[in-house]
Each structure stands twice: as C-alpha cells, then as structure tokens.
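The sequence shown: position 25 = 25 (full-length UniProt numbering), numbered continuously.
What follows is a single structure, written as structure tokens, with notes after it.
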Amino acid sequence: MLYSSCIRRVIVQVGFFCKTRLQLGNIGRSLNASRGVNYRWNRQIFTMSTASIMVDSGSAAKRGPIVDLLTGKDDDGGFVCRGWKSEDGELSCGYSSFRGKRVTMEDFFDVKNTTIDGQRVCMFGIFDGHGGSRAAEYLKEHLFENLLKHPQFITDTKLALSTSNIFKQGESYQQTDVDFLDSEKDTFRDDGSTASTAVLVGDHLYVANVGDSRTVISKGGKAIPLSEDHKPNRSDERKRIESAGGVVMWAGTWRVGGVLAMSRAFGNRMLKQFVVAEPEIQEQKIDEEFELLVLASDGLWDVVPNEDAVSIARTEEEPEAAARKLTEAAFTRGSADNITCIVVRFHHNKTDPSKTDPTNSQQD
1 MLYSSCIRRV IVQVGFFCKT RLQLGNIGRS LNASRGVNYR WNRQIFTMST ASIMVDSGSA
61 AKRGPIVDLL TGKDDDGGFV CRGWKSEDGE LSCGYSSFRG KRVTMEDFFD VKNTTIDGQR
121 VCMFGIFDGH GGSRAAEYLK EHLFENLLKH PQFITDTKLA LSTSNIFKQG ESYQQTDVDF
181 LDSEKDTFRD DGSTASTAVL VGDHLYVANV GDSRTVISKG GKAIPLSEDH KPNRSDERKR
241 IESAGGVVMW AGTWRVGGVL AMSRAFGNRM LKQFVVAEPE IQEQKIDEEF ELLVLASDGL
301 WDVVPNEDAV SIARTEEEPE AAARKLTEAA FTRGSADNIT CIVVRFHHNK TDPSKTDPTN
361 SQQD
C-alpha cells in the first residue's frame with residue numbers, strides 16, 4: 001500500500017500519462033475533427049526483407065531465414081494497408097493501420113515467416129503502446145526474434161511462449177520485458193505496451209496475450225475469442241494485483257493504482273510489481289472449419305464487437321481488404337484511438353481429388 005500511495009503522490013505532482021489519459025491536446029484534435037479528418041489509403045504490395053541474422057538456438061534444427069512480411073510505414077497519418085499470400089496458397093494475410101484522431105501513432109505490428117525442420121512458422125503480433133511508443137516499437141524489433149531463439153520453440157512452443165530459459169537471455173515474453181526495462185533504465189520514460197500475438201507452427205496455433213489488445217478467430221462462421229482482455233476489474237486480475245500489494249481504483253475507468261487501465265503490460269516500470277508481462281496462452285489445432293483470424297488493438301475492439309469483426313472480415317476474400325474495412329468501420333463508429341488490425345485467412349482445399357480425377361470416373 002505504501003508503494004501505491006507513493007505512485008498516487010507522483011501522479012498528483014507531475015502527471016502520469018497512461019493509455020486512456022485525458023490530454024490538453026484533445027482540444028486541438030477536437031477542432032480538427034470538427035473540420036473533418038482527411039485520410040487516404042496507401043495501398044502497396046508488400047516487400048519482403050530477410051533478417052540479417054539467422055536464428056541460433058543451439059539446436060540442430062534446420063531453420064530457414066526469418067522473413068519480415070508487410071513491412072513499411074506511413075508517416076502522414078493516413079490509412080496504410082498491405083497484403084501477402086504464401087507460395088502454396090494455403091495462407092494469406094493483410095493489415096491496416098490508422099493513426100486516427102490521436103496526435104501520435106503508438107500502435108506497431110509485426111508479421112514474420114520462416115521454416116524450421118520443414119514446418120512453416122508464421123508469427124503475427126499487435127503491439128499497442130501507451131504513454132509513448134518506445135515499448136511497442138521494442139516489441140516489434142525483438143519479441144519474435146527472442147521467441148525463436150528458445151531451444152524448445154518447436155518441441156514445446158507453449159513452454160517457449162510462457163517461460164524463459166535460464167541459460168540464455170531474451171528468450172521469452174517476460175525476459176523481453178526485463179530486457180526492455182533494462183534498455184530504458186537511464187531514461188525518464190515509463191511507457192508500456194500490450195502484445196496480442198498468434199504463432200502458427202505447422203497446423204497448431206498458439207495465441208499469447210498481454211494487455212487489452214485481442215485475437216479472435218472465425219470457426220464455422222462463429223466468432224471465438226482466443227484471448228481475454230487484461231482489465232484491472234477482472235476478478236482474477238484484481239485479486240492478483242491486491243495480493244501483490246497493489247490497489248485497483250476508479251478514475252474514469254478501473255485502473256491499477258489509479259493510473260493504468262490494463263492489468264498486464266510490457267514496460268510500466270513504476271507499476272511493474274503489479275502490471276506483469278506474463279502472457280495467457282490458448283492453443284488450437286487448425287482444421288477446415290477455421291476461416292480467418294483477426295488481431296487488433298483496442299482502437300478496433302472498443303467499438304467493434306467480436307461478432308461484427310468476423311462478419312465484416314468474412315465479406316472480403318482478400319485479407320488486406322478485410323483489414324482495411326475493419327479499420328474504416330472502427331473509425332466510422334467513433335474510435336478515438338490508434339487503430340491497427342491484422343487479418344489472416346486460411347485457404348483449405350476441400351476438394352476430394354478422387355472426385356475430379358477423370359481416371360477415377362465410373363467404370364462399366
């Protein structure tokens with residue numbers, strides 16, 4: 001309680017920026033909004049850039065190069081969207097990102113593709129920063145590369161997602177958090193970030209979530225959330241925070257220490273005792289009922305329910321177009337936040353070759 005009391009005094013004295021903070025700049029943005037927001041679609045074909053360093057986990061696994069997909073950045077605050085499709089045609093993805101009504105862009109994303117022992121490995125991540133963009137940018141640069149370094153990434157992916165390896169550094173989500181805080185120890189910043197990530201290894205999907213970004217799948221036309229938002233008023237999260245000596249209080253919304261409107265995040269040094277970066281993980285086996293996957297920051301989810309997101313995404317065959325449509329829908333519905341989403345579509349071959357092969361036609 002003493003720690004929480006100190007936090008509150010700091011907030012009163014110097015102010016503390018958080019995800020859903022009120023800013024004087026809102027006045028200027030409101031004036032801009034009243035004149036109408038000009039935006040444009042910056043639609044480009046993706047470029048693939050191979051990472052300059054190869055994965056080295058100390059194992060004998062045969063690993064291909066790590067390829068960054070959907071790279072690029074739009075600097076004028078307009079919509080930006082790109083798409084990609086695998087060579088075998090079984091998987092395609094697209095993203096759309098928009099600064100929206102915010103003065104700065106604190107959303108980042110990452111999409112990587114590689115092969116390990118002949119298995120396709122795809123990683124998709126949404127990182128929504130708060131109090132600044134450095135934490136989200138750090139996750140984009142390091143999180144998936146650190147995950148791939150884990151010696152048990154292929155043999156026990158769920159373990160690699162949830163724990164660090166005692167012999168190496170930077171090999172888990174929590175260790176990446178430690179590394180980020182260490183890199184920022186000489187600065188006066190104290191920003192943080194969510195991470196909603198989906199890791200596809202062969203036909204197994206692992207979703208690891210920290211914070212209030214979200215991942216939802218469409219299975220047989222039904223929206224199924226694969227992550228639960230980490231909010232301070234979640235009964236289990238509130239109990240965990242209070243057991244650690246923290247406090248959850250109402251300040252416009254429920255906040256940890258009256259400051260942060262989420263209960264788990266990367267960064268946030270001053271609240272680290274309570275705001276952990278331990279992910280909750282769900283695992284699914286991909287089958288023919290899986291249609292698509294939607295990952296997005298809360299700029300989308302605050303105004304677009306899960307069912308609506310899936311319904312909108314299903315109207316578009318190309319995931320790039322689906323992501324763009326979702327981002328536009330969130331803005332149209334009044335989202336005041338940065339909006340970023342990734343849509344992944346699974347293309348299943350449902351045709352039985354024996355029914356189309358002329359050599360297998362009926363015989364007399």
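Ideal Cβ placement from N, Cα and C applies to all residues, glycine included.
Tell me whether the region 84-97 and the region 308-326 touch, counting them as touching only if at least three CB pairs, one residue from each stretch, are closer than 8 angstroms.
yes
Run through the DSSP bridge pairs and tell me what residue 376 is partnered with.
This structure cannot settle anything about residue 376, because the visible part of the chain is limited to 1 through 364.
For Leu139 and Asp68, I'd like the C-alpha separation in whole angstroms.
14 angstroms
Any beta strand (DSSP E) of 3 or more consecutive residues that is wholly inside the region 222-294:
222-225, 248-250, 254-256, 280-285
For Lys85, report the span of its beta strand (DSSP E) as first-last.
79-85
Grouping DSSP H, G and I as helix and E and B as strand, with all else coil, what is Phe346?
strand
8 angstroms contact criterion, which Leu205 and Ile286 should meet: CB distance rounded:
6 angstroms
Cβ contact check for the region 153-164 and the region 228-247: 3 or more pairs under 8 angstroms
no
Should Val248 go down as buried or exposed, given a rule of 16 or more other Cβ atoms within 10 Å for buried?
buried
His130 by DSSP, collapsed to three states: which one?
strand
Tell me whether His150 sits in a helix, a strand or coil according to DSSP, three-state version.
coil
To which residues of the same chain is Gln119 closer than 8 angstroms at the C-beta, ignoring the five residues directly before and after it?
Ile154, Val201, Gly202
Using DSSP with H/G/I as helix, E/B as strand and the rest coil, what is residue 387?
With the chain covering 1 to 364 only, the question about residue 387 has no answer from this structure.
Would the region 206-214 and the region 259-266 be scored as touching if the rule is three or more Cβ pairs under 8 angstroms?
yes
If you drop the 5 nearest sequence neighbours on each side, which residues of the same chain put their C-beta closer than 8 angstroms to that of His347?
Gly89, Glu90, Leu91, Ser92
Reduced DSSP secondary structure (H/G/I, E/B, other) of Asn306:
helix
Compare the Cα-Cα distances from Thr104 to each of Ser86, His130, Gly83 and report the closest residue.
His130
CA-CA distance, Pro151 and Glu328?
41 angstroms
Contact with chain D by His204, beta-carbon distance below 8 angstroms:
The displayed structure is made up of one protein chain only, and chain D is not part of it.
Taking all protein chains shown into account, decide if Glu188 is buried (16 or more other Cβ within 10 angstroms of its Cβ) or exposed.
As written in the sequence, residue 188 is Phe, which differs from the Glu given in the question. Classification of Phe188: exposed, given that the 10 Å Cβ count is below 16.
Could you have a look at Asp74 and say whether DSSP puts it in helix, strand or coil?
At Asp74, the pLDDT of 49 sits below 50, so the modelled position is not reliable and the matter cannot be decided from this model.
With a threshold of 16 other CB atoms inside 10 Å of the CB of Thr253, please say whether the residue is buried or exposed.
exposed
Do you know how far the Cα of Thr157 is from the Cα of Ile116?
12 angstroms
Under 7 angstroms from any heavy atom of the ligand NAP, does the C-beta of Asn233 make it?
The ligand content of the structure shown is nil, which means the ligand NAP is not present either.
Helix or strand or just coil, what does DSSP make of Thr155?
coil
Is it buried or exposed for Ser183, if we count other Cβ within 10 angstroms and need 16 for buried?
exposed
Selection from Val216, Ile339, Phe127, Thr197 that minimises the alpha carbon distance to Lys101
Ile339
For Lys325, the three-state DSSP class (helix, strand or coil):
helix
Run through the DSSP bridge pairs and tell me what residue 367 is partnered with.
The question about residue 367 has no answer, for the chain in this structure spans 1 to 364.
Starting from Gly299, trace the alpha helix (DSSP H) in both directions and tell me its first and last residue.
298-301
Quick check on the DSSP output: the beta strand (DSSP E) that includes Gly94 runs from which residue to which?
91-98
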